[in-house]
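Visitor: Sharing a structure here in structure tokens format.
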Amino acid sequence: MNVVSFGGGTNSTAMIIGMYLHKIPVDLILFADTGGEQPHTYEFIRVFNAWLEKHGLPKITPVFYTDKDGNRLTLEEECFRSHTLPSIAYGFKKCSLKHKIGTQEKFCNHYPPCVEVWKSGCRVNKYIGYDAGETRRIQHAAAIDEVDKKYEKHYPLYEWGWDRAECVRVIERAGLPKPGKSSCYFCPSMKKKEIQALWENNPELFQRAVDMEHNAADSLTSIKGLGRKWSWESYHDEFIEAQELEKAQLTFDDLFPEAPGGCLCGAPCGCYDG
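The following block contains the structure:
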């Protein structure tokens, strides 16, 4: 039983394509959906599913967190209900363990083919997309993998020597668009350029992230917002203010077009006083 952990990004996409090229069977592809993934991730999954179907591979199976009553609870809903930010903003990885790893575990625990493998005394093969440049992650996981009684972990990208650049090339050769970075739209790990892209391309989602900061404001003590030491709202406002100030600046040449490049007296430094 071969289960693939699909993260929605470049590495896991290239890994699935590589498994197809290497004729490694794929029985199940799981994608843990927090409910707040970036729009480009959901769109890529739609495109990739068509590619998978065309090549005789199983479509991606989305899994998600449910509460004790069996109702879906997205990470965004959880944050708003608890008046907090994603745990990674505070330096923890609870959101990933709960909404990513935990949901896949729970699904497999109730998935008959996996249960049958375990009943037979064997382990389920789990394929993870760590590339050739992620030696430390694989080394860190080695001790845990060795004692895992349920799963035998495989890192094919590492075994094939595929680094990030090769993963991109594999995806392009398969005729697929680049997946883009996979993350929640309100992820505290996003870089400033990614936050800027969010407010430019998806302003409604950026506003939701700001609303999340406002909603959690009264509970924040050691951090200021999704940027940890700064809030996304303050970064946005300061960026826009600086941009508007720059646009408002008039150069000397604008003010005195008859004396380009210096003072009216002709001095290039602009400080000649006669």
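Per this note's numbering, the very first residue in the sequence shown carries number 430; after that it's consecutive. Ideal Cβ positions, reconstructed from N, Cα and C, are used throughout, including at glycine.
Relative to the alpha-carbon of residue 605, which residue among 443, 640, 434, 660 has its alpha-carbon at the smallest distance?
Guide: Measuring from the Cα of residue 605, the nearest candidate turns out to be 443.
Visitor: Going by beta carbon distance, what residues of the same chain come within less than 8 Å of residue 751, once the five residues before and after it are set aside?
Guide: Since the first residue of the chain shown is 430 and the last is 703, residue 751 is not available in this structure.
Visitor: Can you check the stretch 449–532 for any beta strand (DSSP E) of at least 3 residues that lies completely inside it and give the ranges in chain order?
Guide: The qualifying runs are 457–461, 489–492.
Visitor: Which residues in the same chain have their Cβ closer than 7 Å to the Cβ of residue 579, if we skip the five residues on either side of it in sequence?
Guide: Cβ neighbours of residue 579 beyond the five flanking positions: 547, 552, 553.
Visitor: To the nearest whole angstrom, what separates the beta carbons of residue 608 and residue 437, a pair I think is in contact under 8 Å?
Guide: Confirmed, about 6 Å.
Visitor: Between 565, 668, 615, which lies nearest to residue 587 when the distance is taken from Cα to Cα?
Guide: When only C-alpha atoms are compared, the closest one is 565.
Visitor: In the DSSP assignment, find the beta strand (DSSP E) that holds residue 429 and state where it starts and stops.
Guide: Since the first residue shown for the chain is 430 and the last is 703, residue 429 is missing from the structure and cannot be characterised.
Visitor: Taking the beta strand (DSSP E) that residue 581 belongs to, which residues open and close that run?
Guide: Note, residue 581: beta strand (DSSP E), 580–583.
Visitor: Does the structure place the stretch 641–659 close enough to the stretch 608–621 that three or more beta carbon pairs sit under 8 Å?
Guide: Yes, they touch.
Visitor: Classify residue 631 as helix, strand or coil using the three-state DSSP reduction.
Guide: Coil at residue 631, not helix or strand.
Visitor: Would you decide whether residue 583 is buried or exposed? Buried here means 16 or more other CB atoms lie within 10 Å of its CB.
Guide: Classification of residue 583: buried, given that the 10 Å Cβ count is 16 or more.
Visitor: Please classify residue 520: is it buried, with 16 or more other beta-carbons within 10 angstroms of its beta-carbon, or exposed?
Guide: Counting Cβ neighbours within 10 Å, residue 520 comes out exposed, since fewer than 16 surround it.
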